[in-house]
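S.K.: Next up is a structure, given as structure tokens.
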Amino acid sequence: MDSFVKISRVALLAGAMLSLLALGGARVQAGAASVQSGPDHVLRLYNTHTGERLEIVFRRGEDYVPGALAKLDYFLRDHNTGEVRHFDPRLYDILADLTASVGRPTGEIDIVCGYRTPSTNESLRAHTTGVAKNSLHIQAEAIDLRMPGVNTLTLRRAALALHRGGVGYYPHSDFIHVDTGRVRQWCFDCPANLITGD
């Protein structure tokens, strides 16, 4: 009887040890998976036309978050028509890198313009200057923005330094344009030294 009790105790202790080892292994695997997924990439946005605010994780590591992209598409909708179009998510990477490059990685970005329907774009062209006929806003590949507390010229220089897509500067309206098109720059109604990138 004593030997049976001893064997049972040994079996019980061995089982407990195996359970602890398995639990520890699961924790290590979970930790490794979280390291592999990488850091969260966050944007804080304010829509100057709708008054809406959004703070959102749009990418985890290398993977975009589909639900977050859908929320961003709606947030950046044409505020005149309410029409939504799917944005090129690389724009969000540009925005996140831009805020980090001006030393404000958690800073809020004022969205001046996101998606534009062709009709909204034509209406803007008829009433204002500096609006391209085939604007990348129509393709949901461009955003006009500013950042409270950051000089717009500083923001422009930081965007140019990223060397990703187009960068437009509109000093009289106090915003910059970024897009995922080819690398290029322009300055609307600017002094000569700013037209070439100062």
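When we follow the working numbering, the leftmost residue of the sequence shown carries the number 1, and every step to the right adds one. Note that CB positions come from ideal geometry on N, CA and C, so glycine has one too. Since we're looking at a predicted model, the values are computed, not measured.
Near Ile7, which residues of its chain fall below 7 Å by C-beta distance, leaving aside the five closest residues on each side in sequence?
M.R.: With a pLDDT of only 47 at Ile7, under the threshold of 50, the placement of this residue in the model should not be trusted; the figure read from the coordinates follows. Contacts found: none.
S.K.: With H, G and I counted as helix, E and B as strand and the rest as coil, what does DSSP make of Arg157?
M.R.: Three-state result, Arg157: helix.
S.K.: Among Ile109, Ser37, His163, Asp189, which one has its Cα closest to the Cα of Val183?
M.R.: Of the listed residues, the one whose Cα sits closest to Val183 is His163.
S.K.: Beta-carbon separation of Gly38 and Arg53 under 8 Å?
M.R.: No, the pair does not count as a contact, with Cβ atoms beyond the cut-off.
S.K.: Drop a sphere of 10 angstroms on the beta-carbon of Asp189, count the other beta-carbons inside from all chains shown, and report buried for 16 or more, exposed for fewer.
M.R.: Answer is exposed; the Cβ neighbour count stays below 16.
S.K.: Is it right to say Val57 is buried, meaning 16 or more other beta carbons lie within 10 angstroms of its own, or is it exposed?
M.R.: By the 10 Å Cβ count, Val57 comes out exposed.
S.K.: What are the complete beta strand (DSSP E) segments, minimum 3 residues, inside the stretch 131-193?
M.R.: Runs found: 142-146, 166-170, 175-179, 184-187.
S.K.: Could you pull out every residue in the same chain whose Cβ sits closer than 6 Å to the Cβ of Arg125, ignoring the five residues on either side in sequence?
M.R.: Result list for Arg125: Val131, in chain order.
S.K.: Assess contact between the stretch 141-159 and the stretch 168-178, defined as three or more Cβ pairs (one per stretch) separated by less than 8 Å. Is contact present?
M.R.: Contact between the stretch 141-159 and the stretch 168-178 is present, because at least three Cβ pairs lie under 8 Å.
S.K.: Considering only residues of the same chain and omitting the five flanking positions on each side of Val65, which have a CB-CB separation below 7 Å?
M.R.: Contacts found: Val57, Phe58, Arg59.
S.K.: Alpha carbons only, please: which of Lys71, Phe75, Asp40, Leu43 is nearest the one belonging to Arg116?
M.R.: When only C-alpha atoms are compared, the closest one is Phe75.
S.K.: Alpha carbon to alpha carbon, what distance is there between His137 and His86?
M.R.: Going by the C-alpha atoms only, they are around 11 Å apart.
S.K.: With distances taken between CB atoms, is the gap from Ala159 to Leu98 smaller than 8 Å?
M.R.: Cβ distance < 8 Å, so Ala159 and Leu98 count as in contact.
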